[in-house]
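Quick note on this note's numbering: the sequence shown kicks off at 545 and runs consecutively. Notes follow the structure.
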Amino acid sequence: MKKVPTMLYLLNPGLDRQHGIISFKPLVATLLVLSVFAAVGWTGAFRETTYRLASLLVPSAGTTEQPILLLGPEPDAHAEPDWLALLDHVTAAEPSVVAFLFTPRAPATFFNRARAQGNVFFAHNSGLAGFRGPARPNLGETLEPSGIELSGGDRPLTFSLPDLGTLIYERVAQSPAPGHFRFHLASISGDVANATYRHLLTDSLPESAIRHRVILVAPPSGPYRSTIGSVTLPNGDLVGEDVFFAAGMAAMLAGHWVSELPTWLDLALLLVTLVLAAIAGQFLYIRAFMKTLVVTANFWLFASWVGLLAFGIWLPVAEILIGLFLLSGFCTLQRYFLIIERVRLFQLDYGEMVRRHIPEDVDAHRDPWQWANNWVGHAVPGKRSLFLELHQGTLQRRAASGTGDVPVEMQSLDPGKEPFTRALANQGPVQVHRLLSGGDDEVQWLVPLFSGQRPLGFWVVAFDRTSPAPDAAALADIAEPLTAWLTEQIESQGRTGRVKRLLRYHVDAGCMVRMRALTVLLEQYLLRHRATSPQVARSGPAADVRAFQRSVPRSGRRSLKAGA
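Structure, rendered in structure tokens:
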């Protein structure tokens, strides 16, 4: 898999063209961002705020004749009026449309007379649910009359509030209403012509105030009123939703509303924007990509303003801006994971180079303890050795080498007993007697391996009494870089190590300098000093590492760091 199609590379930036390595981390990041996008992008509060701000871009309408009259209860009245008498008084003045913003609990005679009029309609008892904001509980089951068919048949009487607004517009304007409309907030004024039930029933309201107008009847106090919420207008006025509907219909009849795109076109436009921005982000640096995001956001703001001003069409700028904002974080995550993947590729290339130069028996094991044991076997002229890992308060045998088996008495594998307690207290090599059984003719050392202040385990090494052997200081020098390398390798294989890498290695491949450089030095020590002479062993890896560093030119050190 040497060549990968471009689109596949775009969909998964963790896929490398040369090596064919696929990472599922960008896919997980994609699903995470899309879930956040779905949870945040279509929340009512954010959309309402954005609609409010965007609608202010269009100049408000001038003063026009109010075609709306809102009838409501007295401020201190709690009883319901005589609905039949109210209907008779309203229809006698020949209005254009009579729209009740609720469905009263009235006798069948009332609804039969309303149906006979032909211009009297009712809204469901659910407030502005589905028209703006979250839906409220539908009280129709408890408030609307039973046994009367109001919403079915050829001439229904009850409608949802959006359908009622469409019906009013088509009746008055004598033209089809926009398919997906929204009230234009900047053109709405809370100053709506209004009167009370009592004014109408006592003939205090002249017929001229009703004739050829749209009469909106607001619900009375009590359970009907509980379905009506409050709306804050752009000028800061707090009005009821019945007043908001009346003012919005007045502005709409004056020619001011906002048309929304169909849902499928809204989502298609958003998807195209995200795809184009994602494609741009794959081939640009982060700084250039952020500039692209800013330019794209400005373009959509300008397009939204032009659409509202010239055509009264609303572009989904809220969703697009949310998408661009989340996309910036998503592409940052993509590049972050891509950097981690490139570091992984570098490690594979480096491992291939090591396998070409290091003997097979040295790199035969992927277990860091086995690798460390092989390294010690080549670097230290010991007869045999053993590595013990301190895991959850117990010692476990991890690697062993030497002539024949390396038996250990089971009762001695207790870190709370001698000689382990003495080595831990000394924090350095201690000489032991017969820790490795059958070692009468040997000098045995117990070397504690500390990762910082945490004991990692122990290294037991045995030398012949007749041959020169390293002292405690030389063994400590050997254990220091070996423990550092072991710690790094063990942590990198664990869950904590993966989290640390994600948090720490996020700049570029140079972040791996410390671990890779340490490995390089250990391997160079192995290649140069596999001789088993006591003099070399006494010098220890630490001294030889410093000599190796001095032998590398400064330019070579920089290239080593850049490559790591």
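All residues carry an ideal CB built from backbone N, CA and C; glycine is no exception. Bear in mind the structure is a predicted one, so any value in this text is a computation, not a measurement.
Determine the contact status of residue i and residue j, defining contact as a CB-CB distance below 8 angstroms.
i, j, result
"Glu624", "Pro722", "no"
"Arg942", "Trp919", "no"
"Ala621", "Phe646", "no"
"Val758", "Ser640", "yes"
"Pro973", "Leu934", "no"
"Gly1001", "Leu932", "yes"
"Leu615", "Ala762", "yes"
"Val987", "Leu1019", "no"
"Ala1006", "Leu980", "yes"
"Leu993", "Leu939", "no"
"Trp627", "Ala650", "yes"
"Pro999", "Leu957", "no"
"Gln716", "Pro617", "Position check: residue 716 holds Val in this sequence, whereas Gln was assumed. Taking 8 angstroms as the Cβ cut-off, Val716 and Pro617 do not qualify as a contacting pair."
"Arg495", "Asp985", "The structure shown does not extend to residue 495, since the chain is modelled only from 545 to 1108, so the question has no answer here."
Taking the beta strand (DSSP E) that residue i belongs to, which residues open and close that run?
i, result
"Val536", "Here the chain has residues from 545 to 1108 only, and residue 536 is not among them."
"Phe931", "928 to 935"
"Glu804", "801 to 804"
"Phe665", "664 to 667"
"Asn738", "738 to 740"
"Arg966", "No beta strand (DSSP E) contains Arg966, which is instead part of the alpha helix (DSSP H) from 964 to 970."
"Thr776", "774 to 776"
"Arg726", "725 to 727"
Count the other CB atoms within 10 Å of the CB of residue i; is the residue buried (16 or more) or exposed (fewer)?
i, result
"Thr638", "Before going further, note that residue 638 is Glu rather than Thr in the sequence given. Exposed."
"Ala1087", "At Ala1087, the pLDDT of 44 sits below 50, so the modelled position is not reliable and the matter cannot be decided from this model."
"Lys927", "buried"
"Phe843", "exposed"
"Phe703", "buried"
"Ala790", "buried"
"Tyr829", "No answer about Tyr829 holds up, because its pLDDT of 49 lies below 50 and its placement is not dependable."
"His728", "buried"
"Asp1015", "exposed"
"Asp786", "buried"
"Ser1011", "exposed"
"Ala643", "buried"
"Ala1023", "buried"
"Gly921", "buried"
"Ala944", "buried"
Check for me: the alpha helix (DSSP H) holding residue i runs from which residue to which?
i, result
"Pro706", "705 to 717"
"Leu631", "627 to 636"
"Gly792", "785 to 797"
"Gln661", "652 to 661"
From the DSSP output, read off the bridge partner residues of residue i.
i, result
"Asp1008", "Glu986"
"Ala944", "Leu930"
"Val761", "Leu615, Phe644"
"Thr702", "Phe666"
"Thr938", "His935"
"Ser995", "Arg998"
"Leu782", "Thr776"
"Trp1003", "Phe931, Val991"
Closer than 7 angstroms to a non-hydrogen atom of the ligand HEM - does that hold for the CB of residue i?
i, result
"Trp1003", "By its list of ligands, the structure shown contains no ligand whatsoever, and the ligand HEM lies outside what it can speak to."
Any 3 or more C-beta pairs closer than 8 angstroms across the stretch 626 to 644 and the stretch 767 to 777:
no
Would the stretch 725 to 733 and the stretch 781 to 794 be scored as touching if the rule is three or more Cβ pairs under 8 angstroms?
yes
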